[in-house]
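Asks:
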Amino acid sequence: MIKKKLTIDDLISSANKFCEQETKYENKELFGVTDGKAVGTYIEHKFKDFLNKEFTIDFGNSARGVDLPAPEINTDIKVTSIKQPQSSSPFKNAKQKIYGLGYNLLVFVYEKIDNQENKTAILDFKSCSFIKNERTADYTTTFRLIEMVNDGANEEDIIAYLNDKNIPADEITLSKMAKQILKNIPKLGYLTISNALQWRLQYGRIVALSEKVDGITKIVDKVNI
Numbered sequence: 581m582i583k584k585k586l587t588i589d590d591l592i593s594s595a596n597k598f599c600e601q602e603t604k605y606e607n608k609e610l611f612g613v614t615d616g617k618a619v620g621t622y623i624e625h626k627f628k629d630f631l632n633k634e635f636t637i638d639f640g641n642s643a644r645g646v647d648l649p650a651p652e653i654n655t656d657i658k659v660t661s662i663k664q665p666q667s668s669s670p671f672k673n674a675k676q677k678i679y680g681l682g683y684n685l686l687v688f689v690y691e692k693i694d695n696q697e698n699k700t701a702i703l704d705f706k707s708c709s710f711i712k713n714e715r716t717a718d719y720t721t722t723f724r725l726i727e728m729v730n731d732g733a734n735e736e737d738i739i740a741y742l743n744d745k746n747i748p749a750d751e752i753t754l755s756k757m758a759k760q761i762l763k764n765i766p767k768l769g770y771l772t773i774s775n776a777l778q779w780r781l782q783y784g785r786i787v788a789l790s791e792k793v794d795g796i797t798k799i800v801d802k803v804n805i
């Protein structure tokens, strides 16, 4: 069988099929496993194998920071529990919080149910979303910046706000960012991004999102039924 080259549409439809398949699968390997990272790694590898059966893919490596780094895909896969839908992401620069991470996200959110009788686990995917890069910025920061620019804020106002938000950058960088924000208003992001050695990404707003937003595809949504 000749494999076809993966597209974003293929990625989205494959994620949907994968969630349907896994929700029915009685999994012996994950029974009793409470380590979220182990579950996440397992699902990520299984989904990559699922894609690899049908498509030719550049998987890259984790050191490069993005699971599917081909320019036309440029997507990182995130797997997280519905109990606390969050993960970490490498910090590259402070602008990521305002203009997006620099890549798309495919976010699988599962509920793990252990069956004590047959010693298996089922992963019920409660939510799966594809988020384009421009929507991967921080919600509160972008919301306020959009509001400020529309209200006539100047460079000093923007710098003061970025300082108040503890955006991790020096004065020269903040000044450059403020100029850019005034010229190029950021799009509203839908993640909650906390500053740390790595960015802490929280997906609660994506999971709860019921209205249509350009740049966000809700592939599976059992939360807003």
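Residue numbering for the sequence shown is 581 to 805, as defined by the numbering used here.
For each residue, glycine too, the CB sits at the ideal point set by N, CA and C.
Under DSSP, the alpha helix (DSSP H) around Asp737 begins and ends at which residues?
Replies: 735-744
Asks: Since Cys599 contacts Val793 with CB under 8 Å, what's their CB separation in whole angstroms?
Replies: At roughly 20 Å, the Cβ-Cβ gap does not stay under 8 Å, so Cys599 and Val793 are not in contact.
Asks: Determine the DSSP secondary structure at Phe611, reduced to helix, strand or coil.
Replies: coil
Asks: With contact counted as at least three CB pairs below 8 Å, one residue from each stretch, are the region 693-701 and the region 710-718 in contact?
Replies: no
Asks: Quick one: measure Cβ to Cβ for Ile814 and Ile738, integer angstroms, because I've assumed they're closer than 8 Å.
Replies: Outside the shown range of the chain (581 to 805) lies residue 814, about which nothing can therefore be said.
Asks: Assign Leu781 to buried or exposed, taking buried as 16 or more other Cβ atoms, counted over all protein chains shown, within 10 Å of its Cβ.
Replies: buried
Asks: What residue does the alpha helix (DSSP H) around Gly754 start on, and which one ends it?
Replies: The residue you asked about is not Gly; residue 754 is Leu in the sequence shown. Taken as a continuous stretch (DSSP letters only), the alpha helix (DSSP H) holding Leu754 covers 751-763.
Asks: Please say whether Ser668 and Leu681 have beta carbons closer to each other than 9 Å?
Replies: no
Asks: When you compare each of Gly795, Lys692, Thr621, Ile752 to Gly612 by their alpha carbons, which one comes out closest?
Replies: Lys692
Asks: Decide if the region 763-781 is in contact with the region 726-744; the criterion is three or more beta carbon pairs, one per stretch, under 8 Å apart.
Replies: yes
Asks: Let me know if Ser707 comes out buried or exposed under the rule of 16 or more other beta-carbons within 10 Å of its beta-carbon.
Replies: The residue in question, Ser707, is buried, as its Cβ has 16 or more Cβ neighbours within 10 Å.
Asks: So, for Phe635: in the same chain, excluding its five sequence neighbours on each side, which residues have a beta-carbon less than 7 Å away from its beta-carbon?
Replies: Lys583, Lys584, Lys585, Leu586, Asp590
Asks: Can you tell me where the alpha helix (DSSP H) with Arg785 in it begins and where it stops?
Replies: 784-788
Asks: DSSP three-state label for Asn695, please.
Replies: strand
Asks: In the DSSP assignment, find the unbroken beta strand (DSSP E) run with Val619 in it and report its ends.
Replies: For Val619, no beta strand (DSSP E) encloses it; the enclosing alpha helix (DSSP H) starts and ends at 616-632.
Asks: So which of Ser755, Asp615, Phe688 has the shortest CA-CA distance to Ile711?
Replies: Phe688
Asks: Quick one, are the C-beta atoms of Phe627 and Ile657 less than 9 Å apart?
Replies: Yes, the pair counts as a contact, with Cβ atoms nearer than the cut-off.
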